[in-house]
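Scroll down for the structure; my scribbles are underneath it.
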Ligand code: SF4
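Numbering (my numbering), first residue to last: 32 to 317.
Pasting the structure below:
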């Protein structure tokens, strides 16, 4: 099948039934729908179970340090503005170790996409409370229940000025594929937080938990151009959990605001760096 061109021959080692499978399938389906080839995409991975996907996807891939996918992805995009750059992150990875990077990448509005595998737990290190774990959640790192308020990925993205903010569910691959396609087509910083049940370590936020609660924002008549309404929806969590596009706006991307990267200029990687006149620069420091 054509979709298999995005898949490697590596044995997949995620636990059976893991929510990562749905994201893996939806992403490949999205590449196919966008007409992209394996060579058109760079995926930058953080650290976590999600990061194993570097072994299973047949694209350019780079393993960053924990929480550092975004700085690396921004550097790659600035160097080669023609590349489609995607960050694959986890909830601990992106909102814990990489929290600061997230805020500034969002407001900077480079044309990249950040996909968060949000299983509300540290899976790779076998089950500690993560920044998105629910208050009171009992894990080996919080035996008396998590005392902190969780990070809200949607309201954080909105407050950080991300220009495309969505939430998907790995149990609804068709809907998730559409969100990926729309996020990848969006010109600007797009965030897609994906509810990704960890079937081995998180026995609270299970597939069943989400199947009983999720509903689609577009079917509920949500206006994704209205930021106040998006904020209101972002606080909805409990018996009803909204998925879909919360907010989208068109505004200039960073690449358009930097003279070196204007559309008429070549990508930095395509520019001649061997014949640059730097003598005058050195003169200034004499
Ligand atoms: Fe998936 Fe959880 Fe297993 Fe990691 S530990 S592979 S997130 S089910």
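Yeah, the Cβ is synthetic: ideal placement off N, Cα and C, and Gly gets one too. Predicted, not measured: the structure shown is a model, and the values here were computed from it.
Self-check item: Enclosing alpha helix (DSSP H) for residue 221 [first to last residue]
Solution: Premise fails: residue 221 lies in the beta strand (DSSP E), 221 to 226, not in any alpha helix (DSSP H).
Quiz item: How would the residue list near the ligand SF4 read, in chain order, if you kept each one whose beta-carbon is closer than 6 Å to any heavy atom?
Solution: So the residues near the ligand SF4 by this Cβ test are 45, 46, 49, 51, 80, 150, 154, 229, 230, 231, 232.
Practice problem: Compute the beta-carbon to beta-carbon distance between residue 143 and residue 104, rounded to the nearest angstrom, for a pair I have assumed lies under 8 Å. | Solution: 5 Å
Practice problem: Provide the residue(s) that pair with residue 83 in DSSP beta bridges, ordered along the chain. | Solution: None; residue 83 has no bridge partner.
Quiz item: Roughly how many angstroms separate the alpha carbons of residue 130 and residue 316, rounded to a whole number?
Solution: 38 Å
Quiz item: residue 233: which of 152, 74, 60, 162 sits nearest, CA to CA?
Solution: 152
Quiz item: Taking just the CA atoms, how far does residue 182 sit from residue 102?
Solution: 21 Å
Quiz item: How would you label residue 180, buried or exposed, when you count the other beta carbons within 10 angstroms and need 16 or more for buried?
Solution: exposed
Quiz item: Among all the DSSP beta bridges, which residues are the ones paired with residue 198?
Solution: 224, 275
Self-check item: Contact under 8 Å by Cβ, residue 230 with residue 80
Solution: In this structure, residue 80 does not lie closer than 8 Å to residue 230 by Cβ.
Exercise. Starting from the N-terminal side, write out each stretch of the beta strand (DSSP E) that is 3 residues or longer and does not extend beyond the stretch 95 to 140.
Key: 115 to 121
Quiz item: Quick one: what's residue 88 bridged to in DSSP?
Solution: DSSP lists 38 as the bridge partner or partners of residue 88.
Quiz item: Span of the beta strand (DSSP E) holding residue 245?
Solution: Note, residue 245: beta strand (DSSP E), 245 to 247.
Quiz item: For residue 159, which of helix, strand or coil comes out of DSSP?
Solution: strand
Practice problem: Give a yes or no on whether the C-beta atoms belonging to residue 177 and residue 156 are separated by under 8 Å. | Solution: no
Quiz prompt | Opposing strand residues paired with residue 146 [DSSP bridges] | solution = 119, 223
Exercise. Verify whether the separation of the beta carbon atoms of residue 148 and residue 121 is less than 8 Å.
Key: Against a cut-off of 8 Å, the Cβ pair of residue 121 and residue 148 comes out as a contact.
Exercise. For residue 140, count neighbouring Cβ atoms within 10 angstroms of its own Cβ and tell me buried if that reaches 16, exposed if not.
Key: Buried, because 16 or more other Cβ atoms sit within 10 Å of the Cβ of residue 140.
Exercise. Enumerate in chain order the residues of its own chain whose CB-to-CB distance from residue 128 is below 7 Å, with the five nearest sequence positions on each side excluded.
Key: 97, 98
Exercise. Counting only the same chain and skipping the five closest in sequence on each side, list residues whose C-beta sits under 7 Å from that of residue 184.
Key: 126, 147, 149, 163, 224
Quiz item: Nearest CA to the CA of residue 67: which residue from 275, 212, 299, 188?
Solution: 212
Exercise. Give me the Cα-Cα distance between residue 252 and residue 273, rounded to the nearest whole angstrom.
Key: Taking the straight line from one Cα to the other gives about 12 Å.
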